[in-house]
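Asks:
2 protein chains.
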Amino acid sequence: MAEWQQYLDENQPRFLDELLEFLSIPSVSSLSLHTPDVQRAAEWVAARMISAGIENARVMPTKGHPVVYGDWLHAPGKPTIMVYGHFDVQPVDPLNLWTSPPFEPVVKDRRVYARGASDDKGNMLVPILAVEALLKTAGELPLNLKFLFEGEEEIGSPSLPPVLEEHRQLLGSDLVISADTGQFAENRPALIVAFRGVCGLQIDVVGPRADLHSGVYGGAVTNPIHALAHILDSMHDADGRITVDGFYDQVIPLTDGDREQIAAVPFDEATYKERLGIDEVFGEAGYTTNERAWARPTLEINGVWGGFQNEGMKTVLPSEAHAKITCRIVADQEPAKVLEAISRHVGRNAPPGVKVTTTPFEGSSPPYLIPVDHPGNKIAHTVLEEMYGEAPFYMRVGGTLPITSLFLSILGVYSVAFGFALDDENFHSPDEFFRLASFEKGQRGYAMLLERLGEQGI
Amino acid sequence: MAEWQQYLDENQPRFLDELLEFLSIPSVSSLSLHTPDVQRAAEWVAARMISAGIENARVMPTKGHPVVYGDWLHAPGKPTIMVYGHFDVQPVDPLNLWTSPPFEPVVKDRRVYARGASDDKGNMLVPILAVEALLKTAGELPLNLKFLFEGEEEIGSPSLPPVLEEHRQLLGSDLVISADTGQFAENRPALIVAFRGVCGLQIDVVGPRADLHSGVYGGAVTNPIHALAHILDSMHDADGRITVDGFYDQVIPLTDGDREQIAAVPFDEATYKERLGIDEVFGEAGYTTNERAWARPTLEINGVWGGFQNEGMKTVLPSEAHAKITCRIVADQEPAKVLEAISRHVGRNAPPGVKVTTTPFEGSSPPYLIPVDHPGNKIAHTVLEEMYGEAPFYMRVGGTLPITSLFLSILGVYSVAFGFALDDENFHSPDEFFRLASFEKGQRGYAMLLERLGEQGI
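The structure is reproduced here in structure tokens:
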């Protein structure tokens, strides 16, 4: 047994106590009431890094909640790796659905119940503990290591881009390892190789200057809702394909290899439909459900409204109608180009008699795709296979993790996903929990990963 | 000069005083606070009929506000005519926009300002005064006459159908004259020959059992808003024609004569567009704006909603989407058949993966169309031409007046429109007024109309 493994085994009771202490800090980043708690969590992390032997550990202020940095840079000739995670958590509403108070952690059946247990305090503490085990046993690390933990992940990381821009040198590295991800199942690992990006806009249709009586004007004046329905329906064909001219231009097509990797991930359509309460799945023709949800771009109407919405009937021809649209985009689509294509399409499909405008939303994010055969992925693959006795699935995430794109676009560094959350752990919901098995397995995984990265380089 | 004309001339000051007294009763039928006032207005009308010499005048209770009945039936061999009007009024909000209090009538520049002045107290008082003049001068009427005034017109006449059903015998007549209508302009009369009917339904689209994260499910599950937009857009073609199978089946096509009559009514498109704030008019190809608004059926989306409607973006794939639709229908369309056709269309156009239901609204009303050459219309035409020195326009109303359909379907009697409101008189708005010129001209018109109907029969 490696010395670090023995160290980990011996110190688990203390590590668990520390996790519970960390989880008891209500670091809800979205509520200003908890701003001091987010600060306190940052200070707790910095202190814990110092006690682990990590150097230069410090809380760095930003325009919003702080980030925490630390490093160990005494392995000349070896790669420099930056580990990422976050110490802020989601709000706890609805509080009444929690079995025990969200900031009074409880351990039950080898699970720690608390807000942030899985997302991401449990996961982000793991690499600190692994590093402590390496430093306390070998006295050094097999590579150069930096840590960057933020306090705004749950509110979209608004202060992270300026931090990255300002500290390019400090944060420069050869690879980012993200501790804010998960595995496929308790006994089956996964490597995430793509996130979809996001961009969106609002469509505003304005017709007559006031709501009109449908008896007096109905049939003679363009109804803004009719116009909007026409515009919205013009965006997809009956096969679920997006008909916006140029929308797919920048999409990297899925290769046969990509499709095989996606198909390898277990998917049970009957369970899926049952869970969602739908009779049929539906999406772009020629693609499987997981391909549609993970690896193909979408144009989704998130909201629509106009005219009368109360009980009964009102014979009104409304003055306005509105819709909100977001797209999940895939490499190499650019948000600005996608939104331009949609705006052009809206303009071309606007019926006569109404004014139609589009307004892009703030907060777009490009897609992220790391080559499956990236050296970082290859090493993580080997480690995970060794840990689990099964090769990891290559998975893609349909959602958006802006930080991976930020690290790539600002620092020029790919991110490898190496976290141990599991899908059923109620992150963002009541009774969030983290498995102690994952907590312990993760520490071993990080120690192995850092050793292997130090040996093989990237 | 006819004796009745002299009587009218001599009694105008008293008639005006009486109108002001009638207008000071706040008979707002929609507000329960004013229920006693509606009753008081009914009693005022019955008393006024008695003093005019009308017999059997009485307030008749209903399940809601009362109706007032009276008659004079001593002209054997002559036709029986029933005059209709209403003594209830609209609410007065917003009160602060009134120049003088709505129930403290003011006469200014030969206009009476008060709620109900034009709609319909001024207009319904007119035939009572004309009948008084005839009875006080000739001692008899040239025909048999009945009056039916209601107190629920402004809330959709809910108690009128049972009253008509229950009193078929009492209310039986050869023709109804409605005093709840208007003329084209101060110097130009009009005869209304059609009202559109109305019917409607709600469309409810339900997809996944809860709102879904668009990153996780977007592209793989039918979005109810997409489904709804498709259904809604499928209901019209690019030429504004309704594409619901069977929708037009029962429509009586406009004849060349009908279209000439409609085209004869002055219409200025530039003013129309300017007033509504639109750049272009739009509707069913092959028809003019007035044909579209008066004489062609419509399918109008009155409201639509689903998903996220607040500021900014939310990446949700909503569970539900909804729309409300009403149709203005024309003779001989039947509400039930129209709604069935739409429901079938919705079912056929529902995309896979969602459940779509339609629910008809209460309160549908069939269309109304009186033949232009109906004897009642012909006589009214002659009288109006004589009064104004100009032939009346034959007009249609795009809105719905359920009572005309009720009189036709329950009593089997057509209604001729013979009222003297003008479009600018702010009915349903602040500063409603009625022109004294119309008040006086109407009295003369009714005396002439009754004489002519007595002479010529119908």
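As they're listed, the protein sequences go chains E and V. Going by my numbering, the first sequence opens with residue -18, and the numbers climb by one from there. Going by my numbering, the second sequence opens with residue -18, and the numbers climb by one from there. Where is the CB? At the ideal position from N, CA and C, for every residue including glycine.
Please report the straight-line C-alpha distance between Glu272/E and Glu366/E, rounded to a whole angstrom.
Replies: For the purposes of this step, residue 272/E is taken as residue 291 along the first sequence, with counting starting at 1. For the purposes of this step, residue 366/E is taken as residue 385 along the first sequence, with counting starting at 1. Distance between the alpha carbons of Glu272/E and Glu366/E is about 24 Å.
Asks: Would DSSP call His15/E helix, strand or coil?
Replies: As a first step, residue 15/E must be located in the first sequence, where it is residue number 34. Here His15/E carries a helix assignment [DSSP, helix/strand/coil].
Asks: Rounded to a whole number of angstroms, what is the C-alpha to C-alpha distance between Pro60/E and Ser154/E?
Replies: Here residue 60/E refers to the residue found at position 79 of the first sequence. Here residue 154/E refers to the residue found at position 173 of the first sequence. Pro60/E and Ser154/E: Cα-Cα distance of roughly 8 Å.
Asks: Would you report the Cα separation of Pro72/V and Thr16/V, rounded to the nearest angstrom?
Replies: Looking up residue 72/V in the second sequence gives position 91. Looking up residue 16/V in the second sequence gives position 35. For Pro72/V and Thr16/V, the distance between alpha carbons rounds to 13 Å.
Asks: Exposed or buried, what is Ala266/E when buried is set at 16 or more other beta-carbons lying within 10 Å of its beta-carbon?
Replies: For the purposes of this step, residue 266/E is identified with residue 285 of the first sequence, where counting begins at 1. Counting other Cβ atoms within 10 Å of its Cβ, Ala266/E stays below 16 and is therefore classed as exposed.
Asks: Using the beta-carbon count (16 or more within 10 Å), is Leu12/V buried or exposed?
Replies: Here residue 12/V refers to the residue found at position 31 when the second sequence is read from its first residue. Exposed, by the Cβ-count rule.
Asks: Beta carbons nearer than 8 Å to chain E: which residues of the region 193 to 213 of chain V have them?
Replies: If the cut-off is 8 Å between Cβ atoms, the region 193 to 213 of chain V has Leu193, His194, Ser195, Gly196, Val197, Tyr198, Gly199, Gly200, Ala201, Val202, Thr203, Asn204, Ile206, His207, Leu209, Ala210, His211 and Leu213 near chain E.
Asks: Could you list which residues in chain B have their beta carbon closer than 9 Å to that of Ala312/E, in chain order?
Replies: Given the protein chain composition of this structure (E and V), no chain B is represented.
Asks: Are the Cβ atoms of Asp445/V and Ala322/V separated by less than 8 Å?
Replies: For residue 445/V there is no data in the structure shown, the boundaries of chain V being -18 and 439.
Asks: Terminal residues of the continuous beta strand (DSSP E) containing Tyr369/V?
Replies: Along the second sequence, one-based indexing puts residue 369/V at 388. That residue, Tyr369/V, is in no beta strand (DSSP E); its alpha helix (DSSP H) goes Pro356 to Tyr369.
Asks: For Leu1/E, I'd like the list of residues in its chain whose CB is within less than 8 Å of its CB, leaving aside the five on either flank, ordered along the chain.
Replies: Locating residue 1/E in the first sequence gives position 20, counting from the first residue. Cβ neighbours of Leu1/E beyond the five flanking positions: Pro86, Val88, Val93 and Ala95.
Asks: Exposed or buried, what is Gly340/V when buried is set at 16 or more other beta-carbons lying within 10 Å of its beta-carbon?
Replies: For the purposes of this step, residue 340/V is identified with residue 359 of the second sequence, where counting begins at 1. Here residue 340/V is Thr; the residue named in the question, Gly, does not match the sequence. Around the CB of Thr340/V, fewer than 16 other CB atoms lie within 10 Å, so the residue is classed as exposed.
Asks: Looking at the secondary structure, which residues open and close the beta strand (DSSP E) in which Asp260/V lies?
Replies: To locate residue 260/V, count along the second sequence from 1; it is residue 279. Note, Asp260/V: premise wrong, no beta strand (DSSP E); not H, not E.
Asks: Quick one: does Gln290/V have its CB under 8 Å from some CB of chain E?
Replies: Taking the first residue of the second sequence as position 1, residue 290/V is located at position 309. Taking 8 Å as the threshold, the shortest C-beta distance from Gln290/V to chain E falls below it.
Asks: Among residues of its own chain, excluding the 5 on either side of Val335/V, which ones have a beta-carbon nearer than 8 Å to its beta-carbon?
Replies: Taking the second sequence and counting its residues from 1, the one referred to as residue 335/V is at position 354. Closer than 8 Å at Cβ, skipping near neighbours: Val186, Val187, Gly188, Thr203, Pro205 and Ala208.
Asks: Helix, strand or coil for Pro3/E, going by three-state DSSP, please let me know.
Replies: Numbered from 1 along the first sequence, position 22 holds the residue referred to as residue 3/E. According to the sequence as given, residue 3/E is Phe; it is not Pro. Helix at Phe3/E.
Asks: Would you give the residue range spanned by the alpha helix (DSSP H) that Asn104/E belongs to?
Replies: Position 123 of the first sequence, counting from 1, holds the residue named residue 104/E. Unbroken alpha helix (DSSP H) run through Asn104/E: Gly103 to Ala119.
Asks: Can you find a CB in chain V that lies within less than 8 Å of the CB of Met30/E?
Replies: Position 49 of the first sequence holds residue 30/E. The Cβ of Met30/E sits no closer than 8 Å to any Cβ of chain V.
Asks: Using beta carbons (cut-off 8 Å, strictly below), is Pro333/E in contact with chain V?
Replies: For the purposes of this step, residue 333/E is identified with residue 352 of the first sequence, where counting begins at 1. It does; some Cβ of chain V falls within 8 Å.
Asks: Which residues in chain E sit within 9 Å of Leu257/V, going by Cβ to Cβ distance?
Replies: Indexing the second sequence from 1 puts residue 257/V at position 276. The contacting residues are Gly188, Pro189, Arg190, Ala191, Leu193, Tyr198 and Val202.
Asks: Using only the alpha-carbon positions, how far apart do Leu145/E and Leu152/E sit?
Replies: Translated into positions along the first sequence, residue 145/E becomes position 164. Translated into positions along the first sequence, residue 152/E becomes position 171. Between the alpha carbons of Leu145/E and Leu152/E lies a distance of about 7 Å.
Asks: Along chain V, in chain order, which residues have C-beta atoms closer than 7 Å to that of Leu298/E?
Replies: Taking the first residue of the first sequence as position 1, residue 298/E is located at position 317. In chain order: Glu281.
Asks: Give the range of the alpha helix (DSSP H) segment to which Met294/E is assigned.
Replies: In the first sequence, counting from the first residue as 1, residue 294/E sits at position 313. Judged by DSSP secondary structure, Met294/E falls outside any alpha helix (DSSP H); it is assigned neither H nor E.
Asks: Where does the unbroken beta strand (DSSP E) through Ala372/V begin, and where does it stop?
Replies: Stepping through the second sequence from its first residue, residue 372/V is reached at position 391. Counting along the chain, Ala372/V falls outside any beta strand (DSSP E), and DSSP gives it neither H nor E.
Asks: What does Gly293/E reach in chain V if we use C-beta pairs closer than 8 Å?
Replies: In the first sequence, the residue the question calls residue 293/E occupies position 312. Those are Phe342, Glu343 and Gly344, listed as they occur along chain V.
Asks: Using beta-carbon positions only, say whether Ser99/V and Ala402/V come within less than 8 Å of one another.
Replies: Here residue 99/V is taken as the residue at index 118 of the second sequence, counted from 1. Here residue 402/V is taken as the residue at index 421 of the second sequence, counted from 1. Yes.
Asks: Using three-state DSSP, classify Ser346/V as helix, strand or coil.
Replies: Walking along the second sequence from the start, residue 346/V turns up at place 365. In this structure, Ser346/V counts as strand in the three-state DSSP scheme.
Asks: Taking 8 Å as the threshold (beta carbon to beta carbon), is Thr80/E in contact with chain V?
Replies: Here the question's residue 80/E lines up with position 99 in the first sequence. No - not a single Cβ of chain V is within 8 Å of the one on Thr80/E.
Asks: Would you say Thr307/E faces chain V, with C-beta separation under 8 Å as the test?
Replies: Along the first sequence, read from residue 1 onward, the residue named residue 307/E stands at position 326. Thr307/E counts as touching chain V.
Asks: Would you mind working out which of Ala22/V, Pro108/V, His46/V and Glu121/V sits nearest Phe84/V, comparing C-alpha positions?
Replies: Taking the first residue of the second sequence as position 1, residue 84/V is located at position 103. For the residues Ala22/V, Pro108/V, His46/V and Glu121/V, the minimum Cα distance to Phe84/V belongs to Ala22/V.
Asks: Look at the alpha carbon of His67/E and the alpha carbon of Glu301/V, and state the distance between them as a whole number of angstroms.
Replies: Taking the first residue of the first sequence as 1, we reach residue 67/E at position 86. Taking the first residue of the second sequence as 1, we reach residue 301/V at position 320. Roughly 34 Å separates the two Cα atoms.
Asks: Pull up the distance between the alpha-carbon of Pro352/V and that of Asp239/V, whole angstroms please.
Replies: Translated into the one-based positions of the second sequence, residue 352/V becomes position 371. Translated into the one-based positions of the second sequence, residue 239/V becomes position 258. Cα-Cα distance, rounded: 10 Å.
Asks: Hey, would you say Val9/E sits closer than 8 Å to Ala27/E, going by beta carbons?
Replies: As a first step, residue 9/E is located in the first sequence; it is residue number 28 there, counting from the start. As a first step, residue 27/E is located in the first sequence; it is residue number 46 there, counting from the start. Cβ atoms of Val9/E and Ala27/E: not closer than 8 Å.
Asks: Give me whichever residues DSSP pairs with Ala398/E in a beta bridge.
Replies: Walking along the first sequence from the start, residue 398/E turns up at place 417. Ala398/E is bridged to Ser159/E.
Asks: Could you tell me whether the Cβ of Phe263/E comes closer than 8 Å to any Cβ of chain V?
Replies: The residue given as residue 263/E occupies position 282 in the first sequence. Yes - at least one Cβ of chain V is within 8 Å of the one on Phe263/E.
Asks: Using a C-beta to C-beta distance shorter than 8 Å, which residues of chain E count as neighbours of Ala274/V?
Replies: In the second sequence, the residue the question calls residue 274/V occupies position 293. Those are Val197, Tyr198, Gly199, Gly200 and Ala201, listed as they occur along chain E.
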